[in-house]
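Contents: one structure, followed by commentary.
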Amino acid sequence: MGLATVPSHVTTLLCGLLAFYVLGIITAYAKLRQFRGPRWTGISNWPHSLAMLSGRCHEWYAEVSNKHGPIARVAPGVLITSSPEVWMHVNNKPGYKRSDWYYNATRIEYRRDNVFSQTDNAKHERRRKQMAPGYSGRENKNLESSVDERLHDFLTLIRAKYLSTPQQIVPMDLAKKVQYFTLDVISTVGLGKGFGMLQADHDVDHYLQSSEEGLAIGNTALALGFSWLAQAPIIGRFIAPSPGDSNGFGKMIAACFRLVDARAADPDAAHTHADMLASFMRHGLAGDELRSEALEQIIAGSDTTAGAIRGTLLHLMTNPRVYAKLQREIDDAVRSGHAERGGGLVTAAQAKQLPYLQAVIRESLRVWPSVTNIFPRDVPPGGDSVVVDGESVFLPGGVCIGYSAYAMHHSEKIYGSDAKAFRPERWIEESDPEKLAAMIRTNDLVFGHGKFQCLGKPVAQIEIGKTVFELLRNFDLALLRPTRPWDARNYLGLFAISDMWVQVMERGPTGTED
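The sequence shown begins at 1 in full-length UniProt numbering and counts up one residue at a time.
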């Protein structure tokens, strides 16, 4: 059938729609014409989509920033910045908000937001105030002791099943065991009941598998532009995860909701328990809101902290000089009484007083940020001016700007010519107070900034410091496959890490001798 047989009004409509589409592309391109970016990113989302599908979009963002400058274009209407000053400005200034196109895709449930996915600034601020006391530990006096219980489980599991000797190597997937640990910790401090993964030494009820499947599906849907379907009226109910699903996030939702509902059914639970869930209840969370926030803390709280611990251990194992130096500091702290001995675990306060340990953690989070997606913010409708390298740059309204974590935290301008190298000494030996302050301000951005700072930061810092200290105090760790230390894929900014095979040998009494 030729065009001659198509009714004239249909032809007119089709031509009008095509003209409207082309006009939209031209308008989007013109709005950001002053910003450079990879070919086609001014008129097409596909370069950005392919980067997300690769599982390594954080590296692509860094390449774009390094080639095209501190503010660059990655898609029509989408910018990224590698400037810490610009990113802090964006997160501090009223008028910016989280971008719906990304954060709606991070919803776990159908049309229901949690504190991470919420894009309405007022609602987000109210929810943060309700949840902050529980995360900070002010209302959870058992926070550190709960972490200690799970850390004891971790050490016990290693000694029971995974100790190697010169006569026999027993492979252990450190990526999986660390994830068991962080899931057990967050379920204990969050819900008052651990999942029991370390004691069982397997993925109980497939929580870990469900989380990774859900993140992979969500990442693919966002990259291909289909994520809106999961939130669409009617049809979304059949696509979005639900407690009735047999895989993906649905299984985790069902398990988490069972624990929350059991607690909520007890009228005295808010006052007889001392965990995050009880704190949330005391501050007004109930029903669906309580379920949603409990679920979000399990998924986000375990993945991000596990990524940080695994990244720290990988960089220690691949840098023998740093490994040995940190072990000496740990042994000296035990000998001198500045850390617990006789079977006790180092306290969080003691770990914070060890300068090289803290430098190692900072450096690891810098070289391998455990959360690395764009996290875009909508520019206020009237636009905004930001300062880049001493010059004012106008960001037009109707676009969004995100952050390039790898480019920012590997910046030679901020960290020196060896910025891509793992060198913890940079945090101790820097003699210029202003430069050190700038380094610290930038490094702190791995936990977010201002009203968007990660609520779980205090819990994560306790876990990372204590875990790294105790593993190096008790064991010698070595990679079994140094040419391929792990498999790491970026899904929605979180890393799914697997196959991190190591050998673990018991240390002698070095750390406890007088």
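No residue lacks a Cβ here, since even glycine has one placed at the ideal position from N, Cα and C.
query: Start and end of the alpha helix (DSSP H) containing N373?
result: In the sequence shown, residue 373 corresponds to position 373, counting from 1. That residue, N373, is in no alpha helix (DSSP H); it is neither H nor E in DSSP.
query: Would you say S210 and A105 are within 7 Å of each other, going by their C-beta atoms?
result: Working through the sequence shown from its first residue, we reach residue 210 at position 210. Working through the sequence shown from its first residue, we reach residue 105 at position 105. Going by C-beta atoms, S210 is not nearer than 7 Å to A105.
- request: Give a yes or no on whether the C-beta atoms belonging to A62 and A407 are separated by under 7 Å.
  value: In the sequence shown, counting from the first residue as 1, residue 62 sits at position 62. In the sequence shown, counting from the first residue as 1, residue 407 sits at position 407. Closer than 7 Å, so yes.
field: Collapsed DSSP secondary structure at G511 in the structure displayed
entry: Here residue 511 is taken as the residue at index 511 of the sequence shown, counted from 1. Reliability of the predicted coordinates at G511 is poor, the pLDDT of 46 falling under 50, and the value obtained from them is presented with this limitation in mind. In this structure, G511 counts as helix in the three-state DSSP scheme.
task: Would you list the residues sitting across from Q168 in a DSSP beta bridge?
output: Here residue 168 is taken as the residue at index 168 of the sequence shown, counted from 1. Per DSSP, T165.
task: May I have the straight-line CA-CA distance separating P171 from E329, to the nearest angstrom?
output: As a working mapping, residue 171 is identified with position 171 in the sequence shown. As a working mapping, residue 329 is identified with position 329 in the sequence shown. Spanning the two alpha carbons is a distance of roughly 28 Å.
- prompt: Is C400 helix, strand or coil when you go by DSSP?
  reply: One-based indexing of the sequence shown puts residue 400 at position 400. Three-state DSSP puts C400 in a strand.
query: Given 8 Å as the limit, is there contact between the stretch 384-393 and the stretch 81-101, that is, 3 or more CB pairs closer than that?
result: yes
- prompt: What is the C-beta distance between V74 and V64, in whole angstroms, given that I count them as a contact (C-beta under 8 Å)?
  reply: As a first step, residue 74 is located in the sequence shown; it is residue number 74 there, counting from the start. As a first step, residue 64 is located in the sequence shown; it is residue number 64 there, counting from the start. Indeed they touch by this definition, with Cβ atoms about 6 Å apart.
task: Give every residue of the same chain whose Cβ lies closer than 8 Å to the Cβ of L492, excluding the five residues on either side of it in the sequence, and list them in chain order.
output: Mapped onto the sequence shown, residue 492 falls at position 492. Within the same chain, L492 has close Cβ partners A105, T106, L215, G218, N219, L222, N373.
message: Only counting the same chain, and skipping five residues up and downstream in sequence, which positions put a Cβ closer than 7 Å to that of D153?
response: Along the sequence shown, one-based indexing puts residue 153 at 153. Excluding positions up to five away in sequence, the list reads D184, L198, Q199.
field: Residues bridged to Q503 [DSSP beta-bridge criterion]
entry: If you number the sequence shown from 1, residue 503 lands on position 503. Bridge partners of Q503: A478.
message: Below 8 Å on the Cβ atoms is my contact criterion, and I expect I80 with S404 to pass it. Report the Cβ-Cβ distance as a whole number of Å.
response: Translated into the one-based positions of the sequence shown, residue 80 becomes position 80. Translated into the one-based positions of the sequence shown, residue 404 becomes position 404. With a Cβ gap of about 5 Å, I80 and S404 count as contacting.
- prompt: DSSP three-state call for F394: helix, strand or coil?
  reply: Taking the first residue of the sequence shown as position 1, residue 394 is located at position 394. Strand, per DSSP.
query: In terms of residue numbering, what span does the alpha helix (DSSP H) encompassing I414 cover?
result: Position 414 of the sequence shown, counted from the start, is the residue given in the question as residue 414. Where I414 is concerned, the enclosing alpha helix (DSSP H) stretches over 412-415.
Whole-angstrom distance between L445 and S83, CA atom to CA atom: As a first step, residue 83 is located in the sequence shown; it is residue number 83 there, counting from the start. As a first step, residue 445 is located in the sequence shown; it is residue number 445 there, counting from the start. Answer to the nearest angstrom: the Cα atoms are 11 Å apart.
Any alpha helix (DSSP H) of 4 or more consecutive residues that is wholly inside the stretch 297-343: 320-336
- prompt: Which residues in the same chain as E48 place their Cβ atom closer than 6 Å to its Cβ, once the five residues preceding and following it in sequence are excluded?
  reply: The sequence position of residue 48 within the sequence shown is 48, counting from 1. The sequence given here has His at residue 48, not Glu. Counting only Cβ-Cβ distances below 6 Å, and skipping sequence neighbours, we find V74, A75.
- prompt: With a cut-off of 8 Å, do at least 3 Cβ pairs link the stretch 264-271 to the stretch 144-152?
  reply: no
- prompt: At what residue ranges does the stretch 145-216 contain a whole run of the alpha helix (DSSP H), taking only runs of 4 or more?
  reply: 174-191, 197-200
- request: Let me know if L224 comes out buried or exposed under the rule of 16 or more other beta-carbons within 10 Å of its beta-carbon.
  value: Indexing the sequence shown from 1 puts residue 224 at position 224. L224 should be labelled exposed.
query: For S302, does the count of other Cβ atoms within 10 angstroms reach 16, so buried, or fall short, so exposed?
result: Here the question's residue 302 lines up with position 302 in the sequence shown. Flag for S302 reads buried.
field: Integer Cβ distance of T312 from V468, believed to fall under 8 Å
entry: Here residue 312 is taken as the residue at index 312 of the sequence shown, counted from 1. Here residue 468 is taken as the residue at index 468 of the sequence shown, counted from 1. Contact holds; Cβ gap of about 6 Å.
message: Report the start-end ranges of each alpha helix (DSSP H) in the stretch 412-447 that is 4 residues or longer and not cut off at the edges.
response: 412-415, 426-429, 433-443
message: Between which residues of its own chain and T442 is the CB-CB distance below 6 Å, once the five residues before and five after are set aside?
response: In the sequence shown, residue 442 corresponds to position 442, counting from 1. Excluding sequence neighbours, T442 sits near P84, I414.
query: In the DSSP assignment, what residue or residues form a beta bridge with Y491?
result: On the sequence shown, position 491 is the one that residue 491 refers to. Paired residue(s): L494.
message: Taking the beta carbon of A349 as the centre, do at least 16 other beta carbons fall within 10 Å, making it buried, or is it exposed?
response: Reading the sequence shown from its first residue, position 349 is the one you call residue 349. By the 10 Å Cβ count, A349 comes out exposed.
query: For D288, which of helix, strand or coil comes out of DSSP?
result: Along the sequence shown, read from residue 1 onward, the residue named residue 288 stands at position 288. Reduced to three states, the DSSP call for D288 is helix.
message: Give me, in chain order, the residues of the same chain whose beta-carbon lies closer than 8 Å to that of S54; leave out the 5 immediate sequence neighbours on both sides.
response: What you label residue 54 is simply residue 54 of the sequence shown in a count that begins at 1. W60.
- prompt: What's the call for R33, buried or exposed, on a 16-neighbour Cβ count within 10 Å?
  reply: Here residue 33 is taken as the residue at index 33 of the sequence shown, counted from 1. Its Cβ having fewer than 16 others within 10 Å, R33 is exposed.
message: Among I158, V388, Q167, P458, whose alpha-carbon lies nearest the alpha-carbon of Y180?
response: Translated into positions along the sequence shown, residue 180 becomes position 180. For Y180, the nearest C-alpha among the options comes from I158.
- prompt: So what does DSSP say about D389, is it helix, strand or coil?
  reply: Here the question's residue 389 lines up with position 389 in the sequence shown. Three-state result, D389: coil.
DSSP three-state assignment for K141, whether helix, strand or coil: Your numbering for residue 141 matches position 141 in the sequence shown. DSSP places K141 in coil when its eight states are reduced to three.
- prompt: Can you name the start and end residues of the alpha helix (DSSP H) that V90 belongs to?
  reply: Residue 90 sits at position 90 when you count from the first residue of the sequence shown. Segment 84-92, the alpha helix (DSSP H) holding V90.
S279, buried or exposed, once every other Cβ within 10 Å from all chains shown has been counted against 16: Locating residue 279 in the sequence shown gives position 279, counting from the first residue. S279 is buried by the Cβ-count criterion.
query: Is the Cβ-Cβ distance between P320 and I428 less than 7 Å?
result: If you number the sequence shown from 1, residue 320 lands on position 320. If you number the sequence shown from 1, residue 428 lands on position 428. No, the Cβ-Cβ distance between P320 and I428 is not below 7 Å.
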